[in-house]
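A.B. asks: In the order they appear, the protein sequences are chains D and U.
Per my numbering, numbering through the first sequence is continuous, rising by one, with the last residue being 296.
Per my numbering, numbering through the second sequence is continuous, rising by one, with the last residue being 550.
Dropping the structure in here first, questions after.
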Amino acid sequence: MSVPAIRVSDLHKTYGKTTALSGLDFEIPAGQVTGFLGPNGAGKTTSFRSLLGLTRADSGEMEILGIPSPGGLREITKRVGVIIEEPGLIRALTGRVNLLVAADTLGFGHERIPELLEFVGLTADANRRVSEYSKGMRQRLALAAAMIGDPDLLILDEPLDGLDPAGQHVFKARLRGLAEEGKTVVVSSHNLSDIEALADYVVVIDRGRLVTQGPLSSMLDGGGTRVEVVEIDQAVAALSSAGLEVTRADDHLRVATEDGSAIVRVLAGAGIYPSVVRPARSSLEQVFLGMTGNDS
Amino acid sequence: MSLLRAETRKLARRKLYPAMVAVLAVFTLIAAFFTLLFEQIFPGAAEGLTTVYKPEAYEFGMTQIASQAWFPMLLAAVAMGSELSGTVWATALTREASVLRHVLARLVAYVVAAWVAFLIAVAVWSVFAYFFAEGTGGPALTVWLDHFWKLAVVAAAWTSLGLGAVAMLRSVGPAIGAVLGFYFFEQLISLWDAYEGFSATAASISIFGLDIPPGFEDFIPGGGMSVAHATLVLAGWTALGFLLTWWGLRRKDA
């Protein structure tokens, strides 16, 4: 099994009397897009800040790309690109100069700058001041700055926050493209539908502790089969008499079996023809609310 | 070196630095006008105002320019503060061990920038003195060179204090208020005998080892301080500012 991109074990952090992280454990697999979720105050940003040495954890163990943090941060930062809270851009400078400054600050060369501007679609605007950029353009420039050292891992804190739908679409496409190139992308977001559309893997935390983690597909797979029929009452009676456990929802049934053909046979035998028979799947929002009892 | 290049690039590409140099040049011209020319144009108009003549007029400019300590302090506070108030610093600085390198790079870049600005102000003063001050003669090249490195020592002390202020306060507005307040307050108390020996303002003037012209003794401090003493005082203020900066930025949890 490959080394996880991030491994956190029993991480604790308090700010005065406020506990931000309380024995947090999680692992993020390499080469995928991971959604890092939690309600407000769950400890998402504190986790990122602790991992990157921007705040000191009280105790616990952290590894990034197999390297202990904060001890190995000097090496880690050469392989990690970061957008924490707001993009770290200087508005008085042009987009291109911001990338030059980012490269110099982090000790990288300038050779990737044209390619990165092209990747984030800002080549034509590279010589405009960042103060003239839209929020989406600033986020894309920040992504380019985070990628200046061709990092193996990108950690992005709320990167889609405030972007319009078109901007979000472009940004998400860029992130998916990076994962397809084998990079690891970790994205925190309040918007669960963004994560649902973007992530392969999800880590959910609440009150500074891990709630759950795993592949998104298995998390959303609620088990059973969703059946949509017009004759709901008759369908419930037929399926129940066939020994299948049936739950009635507003406009559909949920049957506790994954054998769709068995369901169709029973219903057809009763003269009922369903319009939809498919594996039941919850939305990430339903899963999230069920686990945390919070609105994000 | 790449950190230094990054800081230099940021300063060079922003309007802040040339705008501040322009203000410094204007203030220098005003000071030169009142010190070297006013009495010639309006004799007796300002009671107590003394005119300085060549060759002293050139070197006297050093004391006037070194007194403009607002420049390095404001430059440091605004240049670094504009990054701290956003999260530019936090994003760039993702490694604990490199706070020292980041602070040093900024200190060196801003000190050099302040020193260059002081040299420009010296040029402005000297050209004005050449054309308008009465008298003849001027300092030798070696004297000029001696004064130039002393200007760098002055720039280092005040730049370091500006960095310290913004690192402690973490916001541009309050930092500007603090450095200007400190600048005027330090000028005032530098005339107090018990404090003069520790004063950054007094040391910034005394480091040039000049005789204060008659008529200026009452409002130019540091008359009794030796060059070595002044250099030590400025080194002390530089160290204090650096420590405040380092400590202020280490408090990342704040």
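All residues carry an ideal CB built from backbone N, CA and C; glycine is no exception.
Computed from a predicted structure; not experimentally measured.
Please classify residue 480 (chain U) as buried or exposed, where buried requires at least 16 neighbouring CB atoms within 10 angstroms.
C.D. replies: As a first step, residue 480 (chain U) must be located in the second sequence, where it is residue number 184. Flag for residue 480 (chain U) reads exposed.
A.B. asks: Does any C-beta atom of chain D lie closer than 9 Å to the C-beta of residue 310 (chain U)?
C.D. replies: Indexing the second sequence from 1 puts residue 310 (chain U) at position 14. At least one chain D Cβ lies under 9 Å of residue 310 (chain U).
A.B. asks: Name the two residues that bound the continuous beta strand (DSSP E) containing residue 11 (chain D).
C.D. replies: Position 11 of the first sequence, counted from the first residue, corresponds to residue 11 (chain D). Looking at the DSSP string, the run of the beta strand (DSSP E) that includes residue 11 (chain D) is 6 to 15.
A.B. asks: Would residue 186 (chain D) pass as a contact of residue 160 (chain D) if the rule is Cβ separation under 9 Å?
C.D. replies: Numbered from 1 along the first sequence, position 186 holds the residue referred to as residue 186 (chain D). Numbered from 1 along the first sequence, position 160 holds the residue referred to as residue 160 (chain D). No, Cβ-Cβ distance for residue 186 (chain D) and residue 160 (chain D) is not below 9 Å.
A.B. asks: Is residue 486 (chain U) close to chain D? Criterion is C-beta to C-beta, closer than 9 Å.
C.D. replies: Here residue 486 (chain U) corresponds to residue number 190 of the second sequence, with the count starting at 1. Answer no: the Cβ-Cβ gap between residue 486 (chain U) and chain D never drops below 9 Å.
A.B. asks: Short of 9 Å Cβ to Cβ, which residues in the stretch 66 to 93 of chain D face chain U?
C.D. replies: Going along the stretch 66 to 93 of chain D in chain order, one finds 70, 73, 74, 76, 77, 80, 82, 83, 84, 85, 86, 87, 88, 89, 90, 91, 92 and 93 with a Cβ nearer than 9 Å to chain U.
A.B. asks: Hey, could you find the ends of the alpha helix (DSSP H) residue 46 (chain D) is sitting in?
C.D. replies: For the purposes of this step, residue 46 (chain D) is taken as the residue at position 46 of the first sequence. Residue 46 (chain D) -> alpha helix (DSSP H) spans 44 to 51.
A.B. asks: Give every residue of the same chain whose Cβ lies closer than 8 Å to the Cβ of residue 264 (chain D), excluding the five residues on either side of it in the sequence, and list them in chain order.
C.D. replies: For the purposes of this step, residue 264 (chain D) is identified with residue 264 of the first sequence, where counting begins at 1. These residues qualify, in order along the chain: 274 and 277.
A.B. asks: Measuring CA to CA, which of U:396, U:495 and U:476 is closest to residue 300 (chain U)?
C.D. replies: Position 4 of the second sequence, counted from the start, is the residue given in the question as residue 300 (chain U). For residue 300 (chain U), the nearest C-alpha among the options comes from U:396.
A.B. asks: Here's the rule I'm using: 16 or more other beta-carbon atoms within 10 Å means buried, otherwise exposed. How should residue 421 (chain U) be labelled?
C.D. replies: What you label residue 421 (chain U) is simply residue 125 of the second sequence in a count that begins at 1. By the neighbour-count rule (16 or more Cβ atoms within 10 Å), residue 421 (chain U) is buried.
A.B. asks: Whose C-alpha, out of D:208, D:141 and D:33, is nearest the C-alpha of residue 130 (chain D)?
C.D. replies: Position 130 of the first sequence, counted from the first residue, corresponds to residue 130 (chain D). Comparing Cα-Cα distances from residue 130 (chain D) to each of D:208, D:141 and D:33, the minimum goes to D:141.
A.B. asks: For the structure I just gave you, are there three or more beta carbon pairs, one from the stretch 353 to 368 of chain U and one from the stretch 469 to 480 of chain U, closer than 8 Å?
C.D. replies: Yes: at least three Cβ pairs fall under 8 Å.
A.B. asks: Give the residues from the stretch 96 to 107 of chain D that approach chain U closer than 9 Å (Cβ to any Cβ), ordered along the chain.
C.D. replies: The stretch 96 to 107 of chain D vs chain U, Cβ under 9 Å: 97, 100, 101, 102, 103, 104, 105, 106 and 107.
A.B. asks: Apart from the five residues just before and just after residue 471 (chain U), which ones in its own chain have a Cβ nearer than 6 Å to its Cβ?
C.D. replies: On the second sequence, residue 471 (chain U) is found 175 positions in, with the first residue counted as 1. 373, 377, 461, 462 and 465, listed in sequence order.
A.B. asks: If you scan the stretch 453 to 504 of chain U from start to end, which runs of the alpha helix (DSSP H) of 4 or more residues do you find wholly inside it?
C.D. replies: For the stretch 453 to 504 of chain U, whole alpha helix (DSSP H) runs of length 4 or above, ordered along the chain, are 468 to 485, 489 to 492 and 496 to 502.
A.B. asks: Helix, strand or coil: how does DSSP classify residue 355 (chain U) here?
C.D. replies: To locate residue 355 (chain U), count along the second sequence from 1; it is residue 59. Three-state result, residue 355 (chain U): helix.
A.B. asks: Judging by CA-CA distance, which residue of D:77, D:143 and D:128 is the nearest neighbour of residue 115 (chain D)?
C.D. replies: The residue you call residue 115 (chain D) lines up with position 115 of the first sequence. Closest option to residue 115 (chain D), Cα to Cα, is D:143.
A.B. asks: State yes or no: is the beta carbon of residue 315 (chain U) nearer than 9 Å to at least one beta carbon in chain D?
C.D. replies: As a first step, residue 315 (chain U) must be located in the second sequence, where it is residue number 19. For residue 315 (chain U), the answer is no, since every Cβ of chain D falls outside 9 Å of its Cβ.
A.B. asks: Taking 9 Å as the cut-off, decide whether the C-beta atoms of residue 157 (chain D) and residue 34 (chain D) are in contact.
C.D. replies: The residue given as residue 157 (chain D) occupies position 157 in the first sequence. The residue given as residue 34 (chain D) occupies position 34 in the first sequence. No, the pair does not count as a contact, with Cβ atoms beyond the cut-off.
A.B. asks: With burial defined as no fewer than 16 other Cβ atoms inside 10 Å of the residue's Cβ, what is the status of residue 247 (chain D): buried or exposed?
C.D. replies: Position 247 of the first sequence, counting from 1, holds the residue named residue 247 (chain D). Looking at its Cβ environment, which holds fewer than 16 other Cβ atoms inside 10 Å, residue 247 (chain D) is exposed.
A.B. asks: So for residue 272 (chain D), helix, strand or coil by DSSP?
C.D. replies: In the first sequence, the residue the question calls residue 272 (chain D) occupies position 272. Coil, per DSSP.
A.B. asks: Looking only at its own chain, which residues have a Cβ that is under 6 Å from the Cβ of residue 7 (chain D), when we skip the five neighbours before and after it?
C.D. replies: As a position in the first sequence, residue 7 (chain D) is number 7, starting the count at 1. Counting only Cβ-Cβ distances below 6 Å, and skipping sequence neighbours, we find 27 and 63.
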